[in-house]
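Take a look at the structure below.
Protein chains in written order, with our numbering: chain A, 7 to 666; chain B, 482 to 764.
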């Protein structure tokens, strides 16, 4: 065993420059895969961590003796959201306190997040600080915040305060009514659950192409080692020894790659933590997936690569001469398509329920099904390309696609899988100006009890003019349907200079006019929907970015290894006068055709499917963002392929090529 | 003047390395003598009888001298064998003659025109259109079927695919490859693959075919067969053949043999004499 390991190591090191290059390519592929795999895991952990930290803002009715009353609402300043948590202590309970604070707030005290504290200093008091009566008693620590810059205020009140009795039915989705609590454990908010499911879906979208790519990269190197290992078989190495040597080599390489991938991920965390989701960026600690998942990746990736290597080696072990000849690969069988349909039909039947794991499982299986069909489709594309080719470059490219459709699929799979969603979301997600309308005529709305409507309207007018705001207050004619005892005050502000400042001054002036109620603009009311769609778009772009990254890495590695594999034929063709450009164009076409057909096709299908839902106007900014990222991605894939051009030049420049 | 003069420094080197082997006088005599025998090697008049000729070719790789002043000419429809042991410079000579490399000095002419002064792009086109190549193995693209491998040079020359493949297929029958048109290189035997390579070399109807150890990867019987086909097919098409080999059995198929040693043409002579000498007088 030790001898075998030693021999593997020597072969790995002494294989010459091109063998080292092959090993390096595999290590690089594994590194990128591992880094992205950790990212896919970390995304889930990060959303879970956020959900945990958000839980205290969703109060749960106390089972025993309550210690406090808690209620929440959203307030708005400029284009940002402030989470306001009202807390009225009922009795002393040691250790019970809102996360991020060091004690229960007393009536008349306000605790603010660092972001809010800064904003309160920056903006004039009548625009923000005056909304929170009482003295600022402390700063809310990271434990109580979703993201570093979040705006949160914890306002201490007495239990008799009218704010602690108001039902807060004016904004039922963004506020919680006063609840008697026994601690601040809370529960996961509905919204965070939605985000966690989306994160899981995104992870599945990223992981499937990653596994395809990582596994195939391992086999790719094995293919190049085939000949050497077959030679070992010929001199009498037992199949077991050959397998052990290959696995040892693949696992050593993959472990190196996995460690490198972790380092890469660590280096990328500062950048990744700036991706905004649900209004904020991330704590770097949120993106650390935890020691166990990291160990899992370090163990699982080399194991998977080793397994993949064994599969790639089967032929050598079966026959020492098995790899000496290159034969027409069996055509991709239509069975793959049948398999997809079986999966698509069987999966919904066998899984029932809608739990997150089931959703992810079904989705994962569906993608694996698509993955089965992908190479078959690439093969069909290759046959069409071959049949219609008039120039040598296209003919070569088409034949290559027919010859090795899996390798081309490896490059485009991620883009093809994500493309549909990208196209769908890109067309659908609204730009904020589309839904909100021109803010200058929007003004504010405040829901008031029917009985006091007139008095409150008058008070509102007084407060506003007291704050120096020129505004017109209108009371809605009759109680709105469904809210029988309420009316709406509409506060119109003339458009013009300093509108946003006047709006914030008006908000501040109206704060507390109706306890527990917040004056909001139409824009504020749509904030949640816009944010969700924005986040879906951001998430799609991230997944699309990862897919393109995989495609780029895969294109680069496939291109380099195909040059290495065919170096002799290429060199001899070039000697015989074939222009380098023809070989190069063939390699470009080989990537571009499936990428355009499958990646571009899935994006277009996504857009087509989204078109019925686009009512008035298309989301121009969404489409532009999508098209830009697709263009950048395509350029990246082509660029990665072009990187091996010097390699092609150098392997074909040798005037007397000899096989290794 | 003798071409050796074109590289006086090299001649010294040559003298040092060769002196214990053969008297310098002898070698010079032979070189001069050959000029005499082949006659009319004068630059203006004589070159024209050669389809391809190299004159005073010198090529160095760093300190190593691969060609130390070589003169050689190939007549129309002539088969010339360039022989020599490994490292003798015979492959370098082929590469210089075929426009794959530029010699450091000396000149190469195809039908009287200098080709060694052309740029890489022009030489590349020249190789594709006027020359054909047959290598030891590995020259066929594994993913293309045999007929498309043969058609490739025609397509590169701008011919439509349909016509190129049609023309390519016309070579299969005469070369004994009937029915192999759709096979991949991996599905062909070594001899069949070489025949496909010969078809590819001839399909553009080149002036000269260069073959670098064309039977190097074949058994003897197949090797003979391939040499017979190579020589016959080349001559039948009016092309000249330059074969680089270390194998006297291969050289036997050619009209004329030159031997390269340490970068110089060693011994002129007709095929039979040379082969007899190489095989110890038994041939």
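Virtual Cβ for every residue (Gly too), placed ideally from N, Cα, C.
| said: For residue 552 of chain A and residue 627 of chain A, what's the separation of their Cα atoms in angstroms? | reply: 21 Å
What does a CB cutoff of less than 8 Å around residue 287 of chain A pick up in its chain, not counting 5 residues either side in sequence? For residue 287 of chain A, the CB contacts under 8 Å within the same chain, skipping 5 residues up- and downstream, are 153, 154, 155, 279, 280, 281 in chain order.
Any idea which residues DSSP pairs residue 144 of chain A with across the strands? A/117.
Proximity test, Cβ basis, 7 Å: residue 565 of chain A and chain B: no
The segment 118-128 of chain A touching the segment 166-174 of chain A, judged by at least three CB pairs closer than 8 Å: Contact annotation: the segment 118-128 of chain A does not touch the segment 166-174 of chain A, with fewer than three C-beta pairs closer than 8 Å.
- Task: Output, in chain order, the set of chain B residues within a Cβ distance shorter than 8 Å of residue 575 of chain A.
- Result: Going along chain B in sequence order, the residues near residue 575 of chain A (Cβ under 8 Å) are 619, 620, 621, 622, 623.
#### Entry: Status (buried if at least 16 other CB within 10 Å, exposed otherwise) for residue 563 of chain A
buried
request  = Starting from the Cα of residue 510 of chain A, find the closest Cα among A/137, A/13, A/65, A/109 and give me that residue.
outcome  = A/137
Discussion item. At the 7 Å Cβ level, is residue 605 of chain B part of the contact set with chain A, yes or no?
Written reply: yes
Practice task
Report all residues from its chain with a CB closer than 6 Å to the CB of residue 4 of chain A; omit the five preceding and five following residues, and keep chain order.
Solution key: Residue 4 of chain A falls outside the range modelled here, since chain A spans only 7 to 666, and no answer is possible.
Check your understanding: Cβ of residue 596 of chain B within 6 Å of any heavy atom in the ligand MN?
Key -> As presented, the structure is devoid of all ligands, the ligand MN included, so that no description of it is given.
Exercise. Can we say the segment 519-536 of chain A touches the segment 448-459 of chain A, given the rule of at least three CB pairs closer than 8 Å?
Worked result: yes
Anticipated Cβ contact below 8 Å, residue 623 of chain B with residue 665 of chain B, distance rounded
7 Å
### Message
Between residue 676 of chain A and chain B, is any beta-carbon pair separated by less than 7 Å?
### Response
Beyond the ends of chain A as shown, which are 7 and 666, falls residue 676 of chain A; an answer cannot be given.
Residues within the segment 398-409 of chain A neighbouring chain B, beta-carbon criterion of under 8 Å: 398, 401, 402, 405, 406, 408, 409
message = Please state the DSSP three-state secondary structure of residue 582 of chain B.
response = coil
On the criterion of 16 or more Cβ atoms from any shown chain inside 10 Å, does residue 381 of chain A qualify as buried, or is it exposed?
buried
Please confirm if the segment 554-568 of chain A is in contact with the segment 36-56 of chain A, defined as three or more CB-CB distances below 8 Å between the two stretches. Under the 8 Å Cβ criterion, the segment 554-568 of chain A counts as touching the segment 36-56 of chain A, having at least three qualifying pairs.
| Any residues in the segment 378-398 of chain A with a beta carbon nearer than 8 Å to a beta carbon of chain B? Which ones, in chain order? | 395, 396, 397, 398
- Item | Cβ shell of residue 34 of chain A (< 6 Å), same chain only, five flanking positions each side left out | none
| request: Tell me, please, which residues DSSP counts as bridged to residue 178 of chain A. | output: Per DSSP, none; premise fails for residue 178 of chain A.
Quiz prompt | Short CB-CB distance (under 7 Å) between residue 644 of chain B and chain A | solution = no
Discussion item. When you compare the CB of residue 542 of chain B with every CB in chain A, is at least one pair closer than 7 Å?
Written reply: No, residue 542 of chain B does not count as interfacial toward chain A.
Residue 94 of chain A to residue 501 of chain A, Cα distance in whole Å? 39 Å
Looking only at DSSP bridge pairs, what is residue 535 of chain B linked to? B/553, B/589
inquiry  = Contact criterion: CB-CB distance below 7 Å. Does residue 315 of chain A meet it with respect to chain B?
reply    = Cβ-Cβ to chain B under 7 Å: no for residue 315 of chain A.
Taking 8 Å as the cut-off, does the segment 54-63 of chain A touch the segment 186-198 of chain A (at least 3 CB pairs, one atom from each stretch)? yes
**Report entry** Residue range of the unbroken alpha helix (DSSP H) whose run includes residue 655 of chain A
**Finding:** Element bounds for residue 655 of chain A: 651-659.
| request: For residue 525 of chain B, collect the residues of the same chain with a Cβ closer than 8 Å to its Cβ; drop the 5 residues on either side in sequence, then sort them by chain order. | output: Low confidence applies here, because residue 525 of chain B scores a pLDDT of 33, under 50, leaving its location unreliable; read the following figure in that light. Excluding residues within five positions, none has a Cβ falling inside 8 Å.
- Under a CB-based cut-off of 7 Å, is residue 598 of chain A close to chain B? no
- Task: Confirm, please, whether the CB-CB distance from residue 583 of chain A to residue 609 of chain B is below 7 Å.
- Result: yes
Do you know offhand how far residue 1 of chain A's Cα is from residue 44 of chain A's? Past the edges of chain A, shown from 7 to 666, lies residue 1 of chain A, and the structure says nothing about it.
Q. Does the Cβ-Cβ distance between residue 592 of chain A and residue 650 of chain A come in under 7 Å?
A. no
Quick check: is the beta carbon of residue 641 of chain A nearer than 7 Å to any beta carbon in chain B? no
Legend entry - Contact set between the segment 585-606 of chain B and chain A, restricted to residues whose Cβ is under 7 Å from the partner: Across the segment 585-606 of chain B, CB contacts with chain A closer than 7 Å involve 605, 606, in sequence order along the chain.
**Request:** Determine whether the Cβ of residue 707 of chain B lies closer than 7 Å to any Cβ atom of chain A.
**Result:** no
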